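All letters in the sequence shown, in the order written, are residues 1 to 470 by the UniProt record's numbering.
Built from N, CA and C at the ideal position, the CB exists for glycine as well.
The structure displayed is predicted, hence computed values, not measured ones.
Working notes for the structure below.
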Amino acid sequence: MKDENALARTFLQRLESLNNLVRRRSSLTLTVPTADDDGNTERNCGDVNDTESLERPILMEIENTDAAKRLEMLFDRFVEEKKDPTLKSNKKSKSSCRNQMRESKKQKIIQLQNQLKKRHTRHLSRSANTLIFRLGDKAACSGDVDIYPIKKNEMDAKLFLSLSCEKLSIERGYRLLKSCSTHEISQDLFVTMFWFAHCRFFQKNSLAEQRFLMVQLSQQFSKFLELLTKSSAFKQRDVIFRVFPFVVSKAIHLGFTFLCPGNRSLFRGSFQKVLNTSTFKLLTGLDIANIHTIVNKLYPEDEKMHREDASEEIDSIEETFEITRRQMSGCSFDRSFISHTKAPGDGLVRHQNRILFDTRKLSPLLSQYLGRDSLNIGSKHLVKRTEPVVHCSVGGLDTFQPRYEEKSLLLEKQRLEHHEKASIQMKFEKLKSKEELQKDLKTIAKAHQQTISSKKKMVALVQQIVTGEK
1 MKDENALART FLQRLESLNN LVRRRSSLTL TVPTADDDGN TERNCGDVND
51 TESLERPILM EIENTDAAKR LEMLFDRFVE EKKDPTLKSN KKSKSSCRNQ
101 MRESKKQKII QLQNQLKKRH TRHLSRSANT LIFRLGDKAA CSGDVDIYPI
151 KKNEMDAKLF LSLSCEKLSI ERGYRLLKSC STHEISQDLF VTMFWFAHCR
201 FFQKNSLAEQ RFLMVQLSQQ FSKFLELLTK SSAFKQRDVI FRVFPFVVSK
251 AIHLGFTFLC PGNRSLFRGS FQKVLNTSTF KLLTGLDIAN IHTIVNKLYP
301 EDEKMHREDA SEEIDSIEET FEITRRQMSG CSFDRSFISH TKAPGDGLVR
351 HQNRILFDTR KLSPLLSQYL GRDSLNIGSK HLVKRTEPVV HCSVGGLDTF
401 QPRYEEKSLL LEKQRLEHHE KASIQMKFEK LKSKEELQKD LKTIAKAHQQ
451 TISSKKKMVA LVQQIVTGEK
């Protein structure tokens with residue numbers, strides 16, 4: 001677009017220069033080749049602006065090239081935009097609509113969070129370890145009585161599920177998924193899943209409770225499937241089966257954070273990952289390796305939060321190292337004068353730094369001789385190499401441990417798989433070739449035997465003919 005705008009500007013500048021030339025020439029006297037009544041072919045014109053005394057100017061035709069067509073298109077578009085300012089406003093309206101959608105989504109999330117905070121401000125000291133779910137009488141378990149330590153009405157399942165839906169980022173099927181996930185059956189399913197996760201992670205000796213909850217969960221999930229088959233959402237069931245387990249897991253995580261705020265720090269990082277895998281396995285029966293990447297795509301805000309938490313953890317570790325270093329270095333007398341002579345002791349064992357090295361670079365002697373810093377041959381070829389560190393107590397070839405990146409590990413795995421496939425194919429082809437050789441040898445032996453027998457028959461016939469003539 002920048003190049004096109006520049007071309008349009010140059011085109012307009014040239015038009016202005018042509019207009020200026022025409023204005024300058026209007027003051028001059030010109031000889032226009034016209035024929036008089038007397039037969040004179042030339043005639044002086046005092047003023048060019050006099051339209052009667054001049055013929056119409058003949059313009060050069062523009063060549064039909066791609067550049068000329070582009071210039072014409074740009075000029076027409078520029079004129080249309082000048083005439084109709086609504087064309088520019090359409091582009092701005094699309095971006096403004098997207099911004100409004102994002103802002104409305106953020107406002108909804110804030111409203112739901114405020115509602116949950118207001119409803120659960122009483123239980124600030126409640127923790128997951130204090131809540132204990134035990135099976136009572138069989139009659140109570142079989143009926144519709146509330147057997148959970150927190151009642152269903154107090155759990156606010158609809159709010160948690162709607163908040164998890166609002167935090168989603170999906171291209172299609174959002175409304176349908178929200179309507180399915182905020183249904184009464186899905187609310188009951190959320191409650192059972194919440195208490196199952198509680199018994200599994202925070203309650204010891206709870207196998208009987210887990211079995212009971214699994215039976216309830218299977219019944220509720222079958223009802224949920226019946227609801228899908230009857231409704232119009234059955235056509236888009238792929239979207240629901242892909243995203244619904246993650247919506248439930250996110251709602252359970254939010255439930256733990258708001259219902260059990262006493263130990264909120266436990267529900268960060270690895271707990272959320274384990275919860276995602278367990279819920280997906282329970283609802284679908286599948287073990288997928290790339291669950292975390294799917295969750296990061298569906299909930300991009302959580303990924304940013306995880307990064308911030310990781311950076312905070314690193315900062316806290318560095319602070320603890322500094323405190324320990326100060327405690328170790330602190331003595332009864334002052335040793336500030338020794339710090340100038342000795343190496344700076346951080347309390348950490350330093351390894352050699354790894355840097356990107358360009359293989360085209362020359363040594364200082366060669367660069368001085370050739371007058372160049374690098375060879376201008378081909379593209380850059382960067383290699384990771386170790387760089388020596390000042391006061392390096394450990395480091396070098398003996399202690400160097402290569403750190404493989406994710407991409408390199410994936411490439412190595414792909415190479416190994418390719419090598420294994422190639423080796424299997426080679427073995428298979430060798431066996432095929434051996435079998436084919438054996439078949440060929442057998443056919444050759446048969447043909448040889450047939451030729452020998454035919455020769456013998458011919459000899460016998462010749463002998464009979466010879467004896468008969470005698």
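Practice prompt. Have a look at leucine 176 and valine 243 and give me their C-alpha separation to the nearest angstrom.
Written response: 12 Å
Worksheet item: Do leucine 161 and serine 179 come within 8 Å of each other at the CB atom, strictly closer than that value?
Response: No.
Worksheet item: Just reading off the beta strand (DSSP E) that leucine 382 is part of, what are its end residues?
Response: 382-387
Item to complete: Give the straight-line distance between the Cα atoms of lysine 108 and lysine 167, rounded to the nearest whole angstrom.
Response: 10 Å
Worksheet item: Using the C-alpha atoms, what's the distance from lysine 455 back to glutamine 464?
Response: 14 Å
Discussion item. For a test of the three-state rule: what should DSSP assign to leucine 298, helix, strand or coil?
Written reply: helix
Worksheet entry | Supposed contact pair phenylalanine 194 and isoleucine 252 - C-beta distance, whole angstroms, cut 8 Å | 5 Å
Practice prompt. Could you pull the start and end residues of the alpha helix (DSSP H) that phenylalanine 221 belongs to?
Written response: 207-230
Practice prompt. Give the secondary structure of phenylalanine 357 by DSSP, where H, G and I count as helix, E and B as strand, and everything else as coil.
Written response: strand
Fill in: Sequence ranges, alpha helix (DSSP H) only - wholly within the stretch 130-203, length at least 4
138-142, 152-155, 157-166, 174-181 and 184-202
Worksheet item: Which two residues bound the contiguous alpha helix (DSSP H) that contains isoleucine 240?
Response: 237-259
Practice prompt. Classify proline 300 as buried or exposed, calling it buried when 16 or more other Cβ atoms lie within 10 Å of its own Cβ.
Written response: exposed
Practice prompt. Please work out which residues of its chain come closer than 7 Å, Cβ to Cβ, to glutamine 219, disregarding the five sequence neighbours upstream and downstream, and give them in chain order.
Written response: Nothing meets the Cβ criterion.
Worksheet item: Can leucine 135 and glutamate 209 be called in contact, C-beta distance under 8 Å?
Response: yes
Discussion item. For the alpha helix (DSSP H) containing serine 370, name the first residue and the last one.
Written reply: According to the sequence provided, residue 370 is leucine. The question's serine does not apply to it. Per DSSP, leucine 370 belongs to the alpha helix (DSSP H) from 364-370.
Discussion item. Any contact between the stretch 146-161 and the stretch 246-261? By contact I mean 3 or more CB pairs, one from each, below 8 Å.
Written reply: Contact between the stretch 146-161 and the stretch 246-261 is present, because at least three Cβ pairs lie under 8 Å.
Worksheet item: Which same chain residues, not among the five before or five after threonine 359, have their C-beta less than 7 Å away from its C-beta?
Response: Residues His381 and Val383 of the same chain have their beta carbon placed closer than 7 Å to that of threonine 359, with the five preceding and five following residues left out of the count.
Practice prompt. Would you mind stating whether threonine 279 and phenylalanine 267 have Cβ atoms separated by less than 8 Å?
Written response: no
Discussion item. Once DSSP output is grouped into helix, strand and coil, what is the label at serine 374?
Written reply: strand
Item to complete: Please determine, among Leu410, Gln203 and Ile110, the residue with the shortest C-alpha to C-alpha distance to serine 164.
Response: When Leu410, Gln203 and Ile110 are compared, the shortest CA-CA separation from serine 164 is found for Ile110.
Worksheet item: Which word fits histidine 198, buried or exposed, when buried means at least 16 other C-beta atoms lie within 10 angstroms of its C-beta?
Response: buried
Worksheet item: To the nearest angstrom, how far is it from the Cα of proline 245 to the Cα of serine 125?
Response: 30 Å
Fill in: Beta-carbon contacts of leucine 227 that lie in its chain and below 7 Å, excluding the five residues immediately before and after
His183 and Ile185
Fill in: Contact check, threonine 284 vs phenylalanine 241, beta carbons under 8 Å
yes
Discussion item. Please classify aspartate 440 as buried or exposed, where buried requires at least 16 neighbouring CB atoms within 10 angstroms.
Written reply: exposed
Discussion item. When you compare the CB positions of glutamine 203 and phenylalanine 133, do they come within less than 8 Å of one another, or not?
Written reply: Phenylalanine 133 is positioned such that its CB atom lies closer than 8 Å to that of glutamine 203.
Practice prompt. Less than 8 Å between the CB atoms is what I'm expecting for glycine 262 and serine 127, so what's the real figure, rounded?
Written response: 3 Å
Item to complete: Note down the Cα distance separating phenylalanine 75 from leucine 12, rounded to an integer number of angstroms.
Response: 8 Å
Item to complete: Determine the DSSP secondary structure at glycine 269, reduced to helix, strand or coil.
Response: coil
Worksheet item: Of the residues Thr65, Pro364, Ala445 and Val248, which one's Cα is nearest the Cα of phenylalanine 190?
Response: Taking only the C-alpha atoms, the option nearest phenylalanine 190 is Val248.
Discussion item. Considering only heavy atoms of the ligand MG, does any lie closer than 7 Å to the CB of serine 181?
Written reply: No copy of the ligand MG appears in this structure; indeed no ligand is present at all.
Item to complete: Consult DSSP for histidine 448 and reduce its assignment to one of helix, strand or coil.
Response: helix
Worksheet item: Using the rule of at least 16 other Cβ atoms within 10 Å of the residue's Cβ for burial, across every protein chain shown, is asparagine 276 buried or exposed?
Response: Looking at its Cβ environment, which holds 16 or more other Cβ atoms inside 10 Å, asparagine 276 is buried.
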